[in-house]
Amino acid sequence: MKVIWGKEIIDRDKVNIDFEDRGYQFGDGVYEVIRIYNHTYFCVDEHIDRFFTSAEKIEMRMPLTKAELKALITDLLRESAVKNGSIYIQMTRGNASPRDHSYPSQDVVPLLTGSITASERKIDKMKNGMRTTLEDDIRWLRCDIKMISLLGNIMLKHEAHKKNADEAILHRGDIITECSSSNVAMVKDGAIYTHPDGNLILPGITKIVWKSCAEKLNIPVYEQAFTTEELLNADEVFISSTTKEVMPISKIDDKTFDVSKKGSITRLLQSCYEKEIVKQCGE
Ligand code: PLP
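Put into structure tokens, the structure is as follows:
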């Protein structure tokens with residue numbers, strides 16, 4: 012299997028990462044996941060932009076340009092022959108031994124790695140919905156950075172899994188923020204509500220796509236905070252992410268939502284999202 016290591020594409024078993032790499036010791040790094048449909052990246056420029064923005068937010072110098080990164084991941088995709096799947100790329104602050112909390116000098120080169128995995132769309136879940144639980148958002152206050160230290164997120168996802176659910180919907184006090192690995196939105200009286208971007212949530216790329224779908228469909232979108240109670244009384248709830256796309260929610264704890272309704276807003280967004288996939292990636 013070929014992977015990205017630094018600026019090269021090499022065999023996975025040739026990768027050599029020092030145990031003092033700051034990604035390994037501190038979780039000091041950022042990442043992106045980009046979906047691949049039909050041998051083509053979806054929303055690639057938006058993901059690369061967010062990757063660079065995340066790096067900038069932690070004052071990490073990128074050792075390559077956006078165009079170089081795009082060329083590198085495109086070469087890897089060509090070599091991989093994967094039709095449907097995703098690429099995971101991450102950039103750590105590199106190896107600055109001995110271990111020290113302080114940021115190292117700028118001549119320590121950040122380390123880029125990346126790999127492609129084949130996977131199909133979650134058609135069954137997209138049709139029947141995902142089960143979720145409500146969990147206390149125990150994460151830190153810079154959730155806008157797509158960083159590799161995901162302990163809070165994975166602990167929360169694990170809580171959901173223990174309760175036989177797929178995803179955890181998070182709240183800070185009364186306010187719904189996002190999910191452990193997706194954004195969340197609710198539909199009430201024909202309008203969509205979702206938490207505004209800021210330090211409490213990740214600015215989702217999938218959200219950009221469904222928001223433009225909503226605009227085309229003349230469905231109002233309010234990026235404003237809503238409460239747990241409002242969520243439980245919503246007409247529809249959906250979550251969104253690169254790998255889940257627009258995903259209906261069938262259950263939040265014990266509360267069930269009927270996802271079989273034809274013509275619901277979630278269904279309209281799903282079919283618009285599919286058209287966007289075809290537009291960018293072909294059939
Ligand atoms: N929020 C969190 C915490 C995530 O981890 C993700 C994706 O992994 C998202 C939201 C959705 O972001 P995107 O639509 O860019 O995949």
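Under the working numbering, the first residue of the sequence shown carries the number 12, and numbering increases by one thereafter. Where is the CB? At the ideal position from N, CA and C, for every residue including glycine.
Do you know offhand how far residue i's Cα is from residue j's?
i	j	result
Val257	Met137	7 Å
Ser130	Lys255	12 Å
Asn175	Gln291	35 Å
Thr267	Asp177	14 Å
Ile98	Arg132	14 Å
Cys224	Ser261	22 Å
Gly38	Arg61	18 Å
Pro207	Lys25	43 Å
Asn139	Gly163	28 Å
Asn229	Ile288	20 Å
Thr76	Leu167	35 Å
Val248	Gly274	14 Å
Pro115	Glu79	24 Å
Gly17	Leu83	10 Å
Asp269	Leu279	15 Å
Pro214	Asp155	6 Å
Ser191	Phe63	22 Å
Asp246	Thr143	16 Å
Asn27	Thr253	29 Å
Ser193	Ile59	18 Å
Asp111	Ile69	16 Å
Val195	Gln281	14 Å
Phe53	Gln36	32 Å
Glu241	Leu161	28 Å
Ser113	Arg150	22 Å
Lys272	Pro259	11 Å
Asn95	Gly293	12 Å
His172	Val55	30 Å
Ser91	Gly34	25 Å
Thr124	Ile45	14 Å
Considering only residues of the same chain and omitting the five flanking positions on each side of residue i, which have a CB-CB separation below 8 Å?
i	result
Glu57	Ile216 and Ile219
Gln117	Arg72
Leu152	Asn210 and Leu211
Val93	Ile47, His50, Ile127, Thr128 and Ala129
Glu170	Thr144, Glu146 and Ala179
Excluding sequence positions up to five away, which residues of its chain have a Cβ less than 6 Å from the Cβ of residue i?
i	result
Met71	Arg104 and Pro121
Val14	Arg23 and Ser126
Thr188	Asp148, Leu181, His206, Leu211 and Ile212
Val232	Ile203, Lys222 and Ala225
Lys286	none
Val119	Gly105 and Ala107
Asp29	Asn106
Met12	Arg23
Asp200	none
Which whole-angstrom value describes the C-beta separation of residue i and residue j, a residue pair presumed to lie in contact below a C-beta threshold of 8 Å?
i	j	result
Tyr204	Gln235	6 Å
Ile165	Leu87	Ile165 to Leu87, Cβ: 26 Å. No contact.
Thr277	Val198	7 Å
Glu43	Ile100	5 Å
Met158	Ile250	The Cβ separation is near 21 Å, so there is no contact.
Leaving out five residues on either side along the sequence, give the residues of the same chain with a beta carbon under 7 Å from the beta carbon of residue i.
i	result
Leu243	Ile263 and Lys266
Asp185	Thr238 and Thr239
Ala66	Val41, Met73 and Met102
Asp32	Thr103, Gly105, Asn106 and Leu122
Ser108	Glu31
Lys227	Cys283
Lys81	Val55 and Ile59
For residue i, verify whether its CB is less than 8 Å away from any heavy atom of the ligand NAP.
i	result
His58	Ligands present in the displayed structure are limited to the ligand PLP, and the ligand NAP is not among them.
* Asked: Fully enclosed by the stretch 157-195, which alpha helix (DSSP H) runs are 4 residues long or longer?
  -> Complete alpha helix (DSSP H) runs here, min 4: 162-173.
* What alpha helix (DSSP H) runs, 4 residues minimum, are completely inside the stretch 214-293? -> 216-227, 239-243 and 276-292
* Asked: What runs of the beta strand (DSSP E), each 3 residues or longer, lie entirely inside the stretch 91-158?
  -> 96-103, 122-129 and 141-147
* To do: Can you check the stretch 44-98 for any beta strand (DSSP E) of at least 3 residues that lies completely inside it and give the ranges in chain order?
  => Whole beta strand (DSSP E) segments, 3+ residues: zero.
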